[in-house]
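Chemist: First residue of the sequence shown? That's 832 in our numbering, and the numbers climb one at a time after it.
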Amino acid sequence: RKHKIFISFSFEDKEKASEIKDRIEKRLGTGSCWICTSELMGGCNMNGEIVDAIDKATVLVCLVSPHYTESVACEQEVRLARQQRKKFLPIHLEKVEWPLRKPDGTASPMCMAFADVFYIPLYEDEEGCKKKEKFEAIIKALNGMFA
Numbered sequence: 832r833k834h835k836i837f838i839s840f841s842f843e844d845k846e847k848a849s850e851i852k853d854r855i856e857k858r859l860g861t862g863s864c865w866i867c868t869s870e871l872m873g874g875c876n877m878n879g880e881i882v883d884a885i886d887k888a889t890v891l892v893c894l895v896s897p898h899y900t901e902s903v904a905c906e907q908e909v910r911l912a913r914q915q916r917k918k919f920l921p922i923h924l925e926k927v928e929w930p931l932r933k934p935d936g937t938a939s940p941m942c943m944a945f946a947d948v949f950y951i952p953l954y955e956d957e958e959g960c961k962k963k964e965k966f967e968a969i970i971k972a973l974n975g976m977f978a
């Protein structure tokens, strides 16, 4: 059975997003993730491909970075997924303020979607927890969402 994972990311993080998609699919199967690969106007068509992909998804994996918190497109994806009561798995690509804040310090509209959700930091942290261990936590979390 194919898992339906929508990977939400800022276009500035596209290389990391592609790498994470490949690693997830290596474990959960090819085609388990949907990711925007279009560069048209900085992303895919919000009215078409993205809406359809979110409709079909079970989980929104959000690759959170400072760019992500500033992205109107990412905010729209989160809002749509929240309206559809999708599950969320925020993965922090780097340290960001949590709950999410915009650069001006105001609360991000995304913080409501993530209010009761644990996030997984995918960067080297103070405890020295390695990316490989954190990636195992991501796979475990995703498997739990499909149970």
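Ideal Cβ placement from N, Cα and C applies to all residues, glycine included. Predicted model, so just to flag it, every value in this text is computed and none were measured.
1. Along the chain, where does the beta strand (DSSP E) that runs through residue 919 open and close?
2. Excluding the 5 residues preceding and the 5 following residue 900 in the sequence, name in chain order all residues of the same chain whose CB lies nearer than 8 angstroms to its CB.
3. Suppose contacts are defined by Cβ-Cβ distances below 8 angstroms. Is residue 844 in contact with residue 896 by that definition?
4. Hey, which unbroken runs of the beta strand (DSSP E) at 3 residues or more fall wholly within the region 933-975?
5. Could you give the DSSP three-state label for residue 867: helix, strand or coil?
6. Count the other CB atoms within 10 Å of the CB of residue 865; is the residue buried (16 or more) or exposed (fewer)?
7. For residue 872, which of helix, strand or coil comes out of DSSP?
8. Under the rule that 16 or more other beta-carbon atoms within 10 Å means buried, what is residue 850, buried or exposed?
9. In chain order, what are the residue ranges of uninterrupted beta strand (DSSP E) at least 3 long that sit wholly in the region 883-920?
10. Return the CA-CA distance between residue 911 and residue 862, expressed in angstroms with no decimal places.
Modeler: Quick look at the numbers:
1. 918-923
2. 927, 931, 932, 933, 934, 939 and 941
3. yes
4. none
5. coil
6. Classified as buried, residue 865 has 16 or more neighbouring CB atoms from the shown chains inside 10 Å of its CB.
7. Interpretation of residue 872 is limited by its pLDDT of 46, a score under 50 that renders its predicted location unreliable; the figure taken from the coordinates is listed afterwards. Looking at residue 872 - three-state DSSP - the assignment turns out to be helix.
8. exposed
9. When DSSP assignments are scanned along the region 883-920, the uninterrupted stretches of beta strand (DSSP E) that are 3 or more residues long and fall wholly within it turn out to be 890-895.
10. One C-alpha to the other measures close to 22 angstroms.
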